[in-house]
Amino acid sequence: MNVAKPLERKNFAEFEAMPKEEGWNYELIDGIVLMSPRPSSTHQIISGNLYFELRTALKGKNCIPIQEIDLVLKGENFIPDLMVICNEDIKDIKRYEKPPLIAIEIVSLSSSSRDHITKRRKYEQFGIHEYWIVSPEEKCITVFDFVNQNEEMYCEGTVKSFVLPEIEINLENIFV
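Numbered per the working numbering, the sequence shown spans residues 16 to 191.
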């Protein structure tokens, strides 16, 4: 007979102290440790393309995209695929501890409900202004503007940021 073992909740100090296996991403959300394997090559290519387009759009501005760095907010640990951070010196940091202006997640089969439900709720709750969900399968990007309660799905043409109007990215440059 199989018996379900209750999930053991951890606080941030316990999460920080626990051993972590190389090749896995560890996040702490609502006291639960979530593990996911390193992203696939398609995921990494899309992330790289997005990073390049964001970096180009933000050149000369006081904002910068950053990839896969720990985001620690109110005792929880997330690893967004990309974040856009403004007016900050982020050299040599191992984690970021303020809400970024934009958080971006690239959906995979193992992360779909976490990205669409859990992270969307948490990112809004923690004061992130804008959240992008990137769907490689659909080749679409959904942009959520939490400040003004706007939402737009882009499956062709140009994706646009609500909070940084200088960001306009042709979807053909993102998906492989």
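Yeah, the Cβ is synthetic: ideal placement off N, Cα and C, and Gly gets one too.
Check, Outcome
"Within this structure, are the beta carbons of LEU88 and MET98 separated by less than 8 Å?", "no"
"Determine, using beta carbons only, whether LYS25 and VAL48 come nearer to each other than 8 Å.", "yes"
"Relative to the C-alpha of PHE155, which residue among ASN165, HIS144, TYR169, TRP147 is closest?", "Note that residue 155 is Cys in the sequence shown, not Phe. Comparing Cα positions, the closest option is TYR169."
"Would you call MET16 buried or exposed, if buried means 16 or more other Cβ atoms sit within 10 Å of its Cβ?", "Note that MET16 scores a pLDDT of 49, beneath 50, so its modelled location is shaky and nothing firm can be said."
"Among residues of its own chain, excluding the 5 on either side of ASN40, which ones have a beta-carbon nearer than 6 Å to its beta-carbon?", "SER51, ILE94"
"CA-CA distance, LYS76 and ASP96?", "21 Å"
"With a cut-off of 8 Å on the beta carbons, I'd call VAL149 and ILE61 a contact; round off their distance for me.", "6 Å"
"Should ALA32 be labelled buried (16 or more other beta-carbon atoms within 10 Å of its own) or exposed?", "exposed"
"In whole angstroms, what is the alpha-carbon distance linking TYR138 and ARG53?", "22 Å"
"Who are the Cβ neighbours of ARG135 in its own chain at under 8 Å, not counting the five residues just before and after it?", "TYR146, ILE148, PHE159"
"Can you tell which of GLU103, LEU116, GLY46, ILE121 has the C-alpha that lies nearest to the C-alpha of GLU83?", "ILE121"
"Could you tell me which of LEU69, SER126, ASP45, LEU65 sits nearest to VAL191, measuring between CA atoms?", "LEU65"
"Can you name, in chain order, every residue of its own chain whose Cβ lies under 8 Å from the Cβ of GLY46, other than the five neighbours on each side?", "ARG24, LYS25, ASN26"
"Just to check my reading of the structure: ILE105 and CYS78 have Cβ atoms closer than 8 Å, yes? What is that Cβ distance to the nearest angstrom?", "Wrong, their Cβ atoms sit about 11 Å apart, outside the cutoff."
"Select from PRO180, GLU181, GLU171 the residue whose C-alpha is nearest the C-alpha of ASN188.", "GLU171"
"Around the Cβ of ASP130, are there at least 16 other Cβ atoms within 10 angstroms (buried) or fewer (exposed)?", "buried"
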